[in-house]
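Student: Dumping the structure here so I can ask a few things about it.
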Amino acid sequence: MSIRPVSLFGLCVVLSLAFVGDVSARRTKWCPGAHRKPQCEPPSRIIKKSTFHAGVRCWRLTCEKVRRRGCPISLDKRCPDHTYKSYETYDYLGKRCFRYRCRQHTASRCPIIHLRPCPRGTRRARKRYIFAGRVCFRPYCKLRTRRGCPKPRKPHCGRGYFSSIRKYRYRGRVCFRYVCRRNTARRCPRIRPSYCPEGMVMKRVRYRFFDRYCYRYYCHFPRR
Numbered sequence: 182m183s184i185r186p187v188s189l190f191g192l193c194v195v196l197s198l199a200f201v202g203d204v205s206a207r208r209t210k211w212c213p214g215a216h217r218k219p220q221c222e223p224p225s226r227i228i229k230k231s232t233f234h235a236g237v238r239c240w241r242l243t244c245e246k247v248r249r250r251g252c253p254i255s256l257d258k259r260c261p262d263h264t265y266k267s268y269e270t271y272d273y274l275g276k277r278c279f280r281y282r283c284r285q286h287t288a289s290r291c292p293i294i295h296l297r298p299c300p301r302g303t304r305r306a307r308k309r310y311i312f313a314g315r316v317c318f319r320p321y322c323k324l325r326t327r328r329g330c331p332k333p334r335k336p337h338c339g340r341g342y343f344s345s346i347r348k349y350r351y352r353g354r355v356c357f358r359y360v361c362r363r364n365t366a367r368r369c370p371r372i373r374p375s376y377c378p379e380g381m382v383m384k385r386v387r388y389r390f391f392d393r394y395c396y397r398y399y400c401h402f403p404r405r
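Take the position in the sequence shown, starting the count at 1, then add 181; the result is the number in my numbering.
Set out below in structure tokens:
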């Protein structure tokens with residue numbers, strides 16, 4: 182009986198197919214008890230990781246720490262009745278993030294915001310905002326504008342002067358432009374809510390009024 186010679190290329194192909202089939206069969210198996218999901222603490226997630234068990238390569242579930250550059254996306258949820266949507270801040274991987282949450286109504290009425298008379302060229306208007314789950318309105322001074330007027334350019338006024346508004350006629354329309362005037366305001370307007378609901382604190386922010394700096398107060402949830 183004669184033995185037929187086998188080419189080296191054919192032998193390599195047969196061995197490679199056998200090795201690949203063996204590895205693929207081993208990698209499709211799970212390790213004993215690997216189907217149980219581990220309890221991962223945030224910020225972590227469950228992943229499938231290959232390992233060796235009794236000399237055989239298999240799969241198992243493990244926890245992996247999530248490394249993100251930014252904050253996780255806070256889903257915009259719908260709050261039930263008698264509650265309103267708010268947000269809270271928290272620490273996430275050393276960063277300050279926020280997430281939405283539902284809070285109970287704590288305000289019985291809207292705060293009273295006093296506003297002094299508006300300067301020349303403006304009119305009194307109101308802006309809608311949400312305060313402790315209620316729809317409230319706060320007054321502010323709005324510019325009087327008309328359609329068809331040229332867009333005014335705001336000049337750079339020196340110290341002791343402020344940019345004011347002056348009306349003029351333009352093709353039968355009443356328009357306005359900015360001019361520099363000397364500061365005659367003696368005090369800042371009083372913008373301060375009458376009270377803050379439970380769980381909120383009163384804060385202040387600086388803004389420019391004529392050629393001086395003033396402060397207005399508002400209610401804000403404290404950082405935890």
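Backbone N, C-alpha and C define an ideal beta-carbon position, used for all residues, glycine too.
Can you tell me which of 393, 381 and 390 puts its alpha carbon nearest to the alpha carbon of residue 399?
Tutor: Within the sequence shown, the letter at position 218 stands for residue 399. The shortest Cα separation from residue 399 among 393, 381 and 390 belongs to 381.
Student: Among all the DSSP beta bridges, which residues are the ones paired with residue 242?
Tutor: Here residue 242 is taken as the residue at index 61 of the sequence shown, counted from 1. Paired residue(s): 229.
Student: For residue 372, count neighbouring Cβ atoms within 10 angstroms of its own Cβ and tell me buried if that reaches 16, exposed if not.
Tutor: Taking the first residue of the sequence shown as 1, we reach residue 372 at position 191. The residue in question, residue 372, is buried, as its Cβ has 16 or more Cβ neighbours within 10 Å.
Student: In three-state terms, what does DSSP make of residue 324?
Tutor: The residue given as residue 324 occupies position 143 in the sequence shown. Reduced to three states, the DSSP call for residue 324 is strand.
Student: Keeping to the same chain, check which residues put their C-beta closer than 7 Å to that of residue 157; ignore five residues upstream and five downstream.
Tutor: Lying before the first or after the last residue shown, residue 157 is absent from the chain, which here runs from 182 to 405.
Student: Exposed or buried, residue 182, counting other C-beta atoms within 10 Å across all chains shown (16 or more means buried)?
Tutor: What you label residue 182 is simply residue 1 of the sequence shown in a count that begins at 1. Low confidence applies here, because residue 182 scores a pLDDT of 48, under 50, leaving its location unreliable and the question unanswered by this model.
Student: Go to residue 266, then tell me how far its beta strand (DSSP E) extends in each direction, as first and last residue.
Tutor: In the sequence shown, the residue the question calls residue 266 occupies position 85. 264–273 is the span of the beta strand (DSSP E), which, as asked, contains residue 266.
Student: Which residues in the same chain have their Cβ closer than 6 Å to the Cβ of residue 210, if we skip the five residues on either side of it in sequence?
Tutor: Translated into the one-based positions of the sequence shown, residue 210 becomes position 29. Same-chain partners within the cutoff: 239.
Student: Can you have a look at residue 293 and say buried or exposed, based on whether 16 or more other CB atoms are within 10 angstroms of its CB?
Tutor: As a working mapping, residue 293 is identified with position 112 in the sequence shown. Looking at its Cβ environment, which holds fewer than 16 other Cβ atoms inside 10 Å, residue 293 is exposed.
Student: May I ask which residues mark the beginning and end of the beta strand (DSSP E) holding residue 384?
Tutor: Here residue 384 corresponds to residue number 203 of the sequence shown, with the count starting at 1. Run containing residue 384: 382–390, per the beta strand (DSSP E) assignment.
Student: Using only CA atoms, which one of 339, 342 and 355 lies nearest to residue 332?
Tutor: Here residue 332 is taken as the residue at index 151 of the sequence shown, counted from 1. Here the closest residue by C-alpha is 355.
Student: Can you tell me where the beta strand (DSSP E) holding residue 308 begins and where it ends?
Tutor: Locating residue 308 in the sequence shown gives position 127, where the first residue counts as 1. Residues 303–312.
Student: Name the DSSP bridge partner or partners of residue 375?
Tutor: Locating residue 375 in the sequence shown gives position 194, counting from the first residue. Residue 375 pairs with nothing; no bridge assigned.
Student: Classify residue 210 as helix, strand or coil using the three-state DSSP reduction.
Tutor: Along the sequence shown, read from residue 1 onward, the residue named residue 210 stands at position 29. If DSSP states are grouped into helix, strand and coil, residue 210 belongs with coil.
Student: Below 7 Å CB to CB, which residues in the same chain sit around residue 361 once its five sequence neighbours on both sides are set aside?
Tutor: Here residue 361 corresponds to residue number 180 of the sequence shown, with the count starting at 1. Once the five neighbours on either side are set aside, the close Cβ partners of residue 361 are 336, 338, 342 and 344.
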